[in-house]
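Residue numbers (my numbering), protein chains in the order written: chain A, 12 to 124; chain B, 108 to 226. Ideal Cβ positions, reconstructed from N, Cα and C, are used throughout, including at glycine. Data first, discussion second: the structure below is written as structure tokens.
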Amino acid sequence: DQQVKQNSPSLSVQEGRISILNCDYTNSMFDYFLWYKKYPAEGPTFLISISSIKDKNEDGRFTVFLNKSAKHLSLHIVPSQPGDSAVYFCAASAEGGSEKLVFGKGTKLTVNP
Amino acid sequence: EPEVTQTPSHQVTQMGQEVILRCVPISNHLYFYWYRQILGQKVEFLVSFYNNEISEKSEIFDDQFSVERPDGSNFTLKIRSTKLEDSAMYFCASSVSEFYGELAGVEQFFGPGTRLTVL
Chain A
12 DQQVKQNSPS
22 LSVQEGRISI
32 LNCDYTNSMF
42 DYFLWYKKYP
52 AEGPTFLISI
62 SSIKDKNEDG
72 RFTVFLNKSA
82 KHLSLHIVPS
92 QPGDSAVYFC
102 AASAEGGSEK
112 LVFGKGTKLT
122 VNP
Chain B
108 EPEVTQTPSH
118 QVTQMGQEVI
128 LRCVPISNHL
138 YFYWYRQILG
148 QKVEFLVSFY
158 NNEISEKSEI
168 FDDQFSVERP
178 DGSNFTLKIR
188 STKLEDSAMY
198 FCASSVSEFY
208 GELAGVEQFF
218 GPGTRLTVL
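Have a look at this one:
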């Protein structure tokens, strides 16, 4: 039951370039979407979120885009830095976010100096 | 900056033994959660807790699992009789969970996790 899919297990980019991480979802009840970053042996760290009433949210180097009709969201990191190297998880929630988070499998981002 | 803390960081136990994993959520948060991540797999929801009762649980959260908020700060997950397949990272999370429409407020903040190894 893959309600949230991250189809790219890994992504490698050069420092300074843009990183684009993609996520698709199937459940139309989802109305809140989040991106988390995870280093090995640590818990997921919240990065940025977006509610379904918006199509873009920006926070510094991080921008999340939501395309509801395509049930697709993406995280853009510009410019990418070596410290961004981590596993990035897309997560979704229904009914305002107090519900459980449903996670994708994650994409391992490597930013090369 | 306030954070979610978890103890212990690593717990090794024998199959059939009881374990209690402890969490201290962020102090003004209202919702509390447990998730787990089996090695190489996705993070999975176990249970959510609000107003001193379970608000939702997954099919993973069977009768072997229980949660408790024994005082004003701690939130615990108990596994009564551990199985080999319970070996995983267990993450506690908390959120304010007041939905402000466009504004933030529902993000869940995670602790560093407890690695449970069942032998």
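The contact set of glutamine 215 (chain B) on chain A, defined by CB atoms closer than 7 angstroms, consists of Leu112 in chain order.
When DSSP states are grouped into helix, strand and coil, aspartate 42 (chain A) belongs to the strand group. Comparing alpha-carbon positions, the option among B:Lys185, B:Glu192, B:Ser116 and B:Gln215 lying closest to tryptophan 46 (chain A) turns out to be B:Gln215. Our two residues, asparagine 135 (chain B) and tyrosine 43 (chain A), have alpha carbons roughly 22 angstroms apart in a direct line. Glutamate 192 (chain B) carries a helical assignment under DSSP once its states are collapsed to helix, strand and coil.
Excluding residues up to 5 positions away in sequence, Ser23 and Ser96 lie with their Cβ nearer than 6 angstroms to the Cβ of threonine 121 (chain A) in the same chain.
In this structure, glutamine 113 (chain B) sits near cysteine 130 (chain B), with a CB-CB distance shorter than 7 angstroms.
Bounds of the beta strand (DSSP E) holding alanine 102 (chain A) are 97-105.
Rounded to whole angstroms, the Cβ separation of proline 90 (chain A) and arginine 28 (chain A) is 7 angstroms, and the two are in contact under 8 angstroms. Using a CB distance cut-off of 7 angstroms, phenylalanine 182 (chain B) does not count as an interface residue toward chain A. Per DSSP, threonine 56 (chain A) is one residue of the beta strand (DSSP E) stretching across 56-62.
Where isoleucine 186 (chain B) is concerned, the enclosing beta strand (DSSP E) starts and stops at 182-186. Between alanine 195 (chain B) and glutamine 124 (chain B), the gap from beta carbon to beta carbon reaches 7 angstroms or more. Close to chain A, meaning a Cβ-Cβ distance shorter than 7 angstroms, are the following residues of the stretch 162-177 of chain B: Glu163.
The residue among A:Ile59, A:Leu84, A:Lys79 and A:Ile64 with its C-alpha nearest the C-alpha of arginine 72 (chain A) is A:Ile59.
Within the same chain, Ile61, Thr74, Val75, Phe76 and Leu77 come within 8 angstroms of lysine 67 (chain A) by CB-CB distance, once the 5 residues on both sides are set aside. Within chain B, the residues placing a beta-carbon under 8 angstroms from that of glutamate 53 (chain A) are Pro219 and Gly220, ordered along the chain.
Contact between phenylalanine 198 (chain B) and glycine 54 (chain A) holds: their C-beta atoms lie close to 5 angstroms from each other, under 8 angstroms.
Of all residues in the stretch 18-52 of chain A, the ones placed with a Cβ closer than 8 angstroms to any Cβ belonging to chain B are Tyr43, Leu45, Tyr47 and Ala52, in chain order. When Cβ-Cβ separations below 7 angstroms define contact, lysine 116 (chain A) makes contact with chain B. Proximity of serine 194 (chain B) to chain A, defined by a Cβ-Cβ separation below 7 angstroms, is not satisfied. At a cut-off of 7 angstroms between beta-carbon atoms, serine 134 (chain B) makes no contact with chain A. At a cut-off of 3 residues, the continuous stretches assigned as beta strand (DSSP E) that sit fully inside the stretch 108-169 of chain B are 112-114, 117-120, 126-131, 138-144, 150-157 and 160-164. Note on geometry: alpha-carbon atoms of isoleucine 133 (chain B) and glutamate 175 (chain B) lie some 16 angstroms from one another. If you look at arginine 222 (chain B), you'll find it in the beta strand (DSSP E) that goes 221-225.
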